[in-house]
Structures are given as C-alpha cells and as structure tokens.
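Report on the structure given below.
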Amino acid sequence: MIKDFFIKNKELALIFSLAILGLVVSYFYIGYDHRLEKDAITYFEAVKFLQGQALDGPVPMNRVLTTSLFLGLATFFNFFLKDFSLSVSALNIIFYLLFIGVFYLLAKEIYQKSRVAFWGSLLVVSNYYLIDPGNAHLADMGGWFFLFLATYFAVKYTNAADRRFYYLAILASAIGVLYKEYGGLGLVNLFLLLLVSNFSNKQKIKDIILAGCLFLVPFLSYHVFVYFKYHYSYFDWYLAVKSVSFEAGRQSRGIIIIAKILGWVFSLGWLAWLLGIKEEIKAQDKGRWKILIAILPTSLFFIIWPEVAQRLAFILVPWLALVAGFGLSRIKPYWAGVFVAAYVLFNYNIRSLIDIINLPF
C-alpha cells in the first residue's frame, strides 16, 4: 500500500528519500553524539525531577513549564527503550518526517501546485539546521511540526471555509504549546489569516475570540498549576535567559549577529528566495500575498527572544522555502535541480564552510 502510494507520488518519494539521506548524513558524516550535552541535559534532569529522582544540579523548571508534553512522550519512549538519549532521538526522527510531510501539504495548499511544494520541500529537508545532530535530543522538532500543522489547517480553513480545519488548527496549537513554546504560534497564524480572509467582520471576530478561549483553557490551566505548585512562571524563565544573554562579552544580539545567523540559516537558498520574490511580483496573486504576509510575523518571532541562534532562526526557513520553491518552479527543472544539488552539498558541509568563511565581525 505504501509502495503504491509512493509510485503514484514520485515527488514525495524523492523528498522522503532525501529525508532518509539527511538522517544518514547527520549520523555518519556530520556526526551524531549519543551523549547528552548542554540543553539536552536539562530535559533529562526535568524528567528525573518529575519522577522523584535525585538531581545533580538545580531543577530545570523552565523545561517543566514549557515542554511538558515532550517530557511525557520522552518518558513513554524511555519506558520501552531504556535509554533517554535513544528515546528522544527516536521521537525526533518521527517528528522530523512528520514535519517534512506537513510542510509539503502546506506549500501545496498555498500554491495549489505540487511542483512548488516539491522544490520548497527539498530546500527544507536538506537544510543543515533541520538535520543538525544537535537537535536529536531537543524539543524543537516537535515544536516546528505543531506550528506548521496548525498553519496548514488554518490555511485550509480560510481557503475552504470548512469548520473542521478551524478546530483542528486550534487543537494543534493547544497541543503544540505544551510541547514547545513556538508550537503554539499556529494560533497567531490562524488569527492573522482570519483577518486577511474574505469572511465577514462578524465571523472574523467570532472565530478569533472562540479560538483564543479554547486555546487558553489548557494553556493557562497548566501554567497556573505550575505556578501554584512550583512558584515558577514564564516571566521567570524569560528574565533568566535575558540576564545570561547580556553577560559581559557575550555576543547574543545586534544587527550584525542576526545578519550572520540569517545568512547561514538559509545559505544559498536566499538566491532562490530572491528569484521567488521576483516571480511573485510578476504573478500578482493578491490572495497568495495575503497568506504569505499573514504567516510571516510568527516566522520572525525569534527576533524578540533575548538570545538569537541559528536553531531559533530556523523557524523562518519554511517561509523562505515557500517563496524559493515558487521561484525554482518557474525555471527549467534541470537548472532548478542543479541549484538544489549545490544547496544540499553546501548544507551537508556547512560546519567546515563556517570555519573557512568565518567573518571577522
């Protein structure tokens, strides 16, 4: 059955083949490390805390507050695999594949062309910051999945006015925010898409208020529970990150550092994006422009975080890939293929290239 599906959908077969190749490259070539380091240790410590075990350091309450679903699923996997590192890696591989699938569906829904979805998906699936082995033990992959799953449902709702997709967008956001903070940003996309939709003003207001209320019930319930039980809030976490980010000699923000991060996070893909912008201007599809502009703000949320990093900035890559995929679809497939091949090779070797092209500012 699966074989027949991929025979009929050769583009998807190629996308997921490249996804599997990405996993192989990440593990054997870039270099996966089984050991838990830095942020990954805090997730492990949070699980130990919730299970009543002794900790080696302070309780990572930020993980308990912001990644409760991730901790729960990691614990579930660990019950069978008996290895936290392996359990989290397996969980992230699942979300990695799901994320790729939902991006393809989103691109196809926005552009109504499988070729655009195909080229855009190739740019996403081979992006270094998606296949970075450092993500294997973190919660980000699931957060990206829930964000774009909710966005896909929101676009479907505003395009087709099918009420089922409205509630699915809310559900994906409500679940996503308990997995990782930006997993809930799909709700913002739903709001903004509603505002630019063709629905009546009365319907827009009604939908936004109802969605906000349904989302806030589980979100606030859990945050209030954590506050009264552990005396900890998201405000405490934000201030903690802010204090560390502004330590003397620590370069964490500023126009130059953000420009460098954005340059590396999409690398050669920026050329395809510029082509896509040019083609979008020529196409003059106002409906599509509304959608692209509506979902852009959440893709820039990383800018307001006290400390900017490539992993946080990756949230912008899918939006860039949507436009870039459209640009590649407008040129001859041969040249688009050559470009994607160069992009893939660049991303697979980006660690070495960063050392070679390390700018002195």
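Numbering (my numbering), first residue to last: 1 to 361.
From the three backbone atoms N, C-alpha and C, an ideal C-beta is built for every residue, glycine too.
Listed in chain order, the non-local C-beta contacts of residue 192 below 6 angstroms within the same chain comprise 294, local neighbours out to five positions each way being set aside.
Between residue 60 and residue 96, the alpha-carbon positions lie close to 25 angstroms from each other. Rounded to whole angstroms, the gap between the alpha carbons of residue 113 and residue 80 is 42 angstroms.
DSSP places residue 179 in the helix class (H, G or I) of the three-state scheme. Relative to the Cα of residue 290, the nearest Cα in the group 224, 241 and 111 belongs to 111.
As the crow flies, the alpha-carbon of residue 93 is around 8 angstroms from that of residue 23.
In the three-state reduction of the DSSP assignment, residue 112 falls in the coil class, being assigned neither a helical nor a strand state.
Look at residue 15 here: in three-state DSSP terms it is helix. At a Cβ-Cβ threshold of 8 angstroms, residue 166 and residue 265 do not count as neighbours.
For residue 173, the three-state secondary structure derived from DSSP is helix. For residue 60, no alpha helix (DSSP H) segment is defined, and its DSSP state is neither H nor E.
Take the alpha-carbon of residue 270 and the one of residue 327: they are about 11 angstroms apart. When rounded, the separation of the alpha-carbon atoms in residue 219 and residue 177 is 7 angstroms. Shortest Cα-Cα distance from residue 122 to any of 352, 357, 332 and 317 involves 317. The three-state secondary structure of residue 127, taken from DSSP, is coil. Going by DSSP, residue 82 is part of no alpha helix (DSSP H) at all; its letter is neither H nor E. Remark: C-beta atoms of residue 84 and residue 78 approach each other more closely than 8 angstroms. Here the C-alpha atom of residue 243 lies approximately 11 angstroms from the C-alpha atom of residue 236. Our two residues, residue 162 and residue 153, have alpha carbons roughly 10 angstroms apart in a direct line. Between the segment 30-45 and the segment 133-143 there are three or more inter-stretch CB-CB distances shorter than 8 angstroms, so the stretches are counted as touching.
Under the 10 Å beta carbon count, residue 37 is surrounded by fewer than 16 other beta carbons and is classified as exposed.
Between residue 49 and residue 106, the C-beta spacing is not below 8 angstroms. Under the 10 Å beta carbon count, residue 180 is surrounded by 16 or more other beta carbons and is classified as buried. The beta carbons of residue 188 and residue 297 sit about 7 angstroms from each other, so the pair counts as a contact at 8 angstroms.
By the neighbour-count criterion, in which 16 or more other beta carbons inside 10 Å mark a residue as buried, residue 170 falls on the buried side.
Between the segment 320-338 and the segment 270-281, the count of Cβ pairs shorter than 8 angstroms is three or higher; the stretches touch. Beyond the five residues adjoining it in sequence on each side, residue 109 comes within less than 8 angstroms, by CB distance, of 152, 155, 156 and 159 in the same chain, given in chain order.
Here the alpha carbons of residue 260 and residue 312 stand approximately 14 angstroms from one another. Taking all protein chains shown into account, residue 135 has 16 or more neighbouring C-beta atoms within 10 Å of its C-beta and is therefore buried. Sequence-distant partners of residue 279 (beyond 5 residues in either direction) whose C-beta falls short of 8 angstroms from its own C-beta, in its chain, are 326, 327 and 330. Straight through space, the alpha carbons of residue 86 and residue 64 are spaced by roughly 20 angstroms.
The Cβ atoms of residue 104 and residue 117 lie closer than 8 angstroms to each other. For the set 254, 343, 241 and 357, the Cα lying nearest the Cα of residue 39 is the one of 241. Closest in C-alpha terms to residue 26, from the list 222, 207, 88 and 132, comes 132. DSSP places residue 209 inside the alpha helix (DSSP H), whose first and last residues are 201-230.
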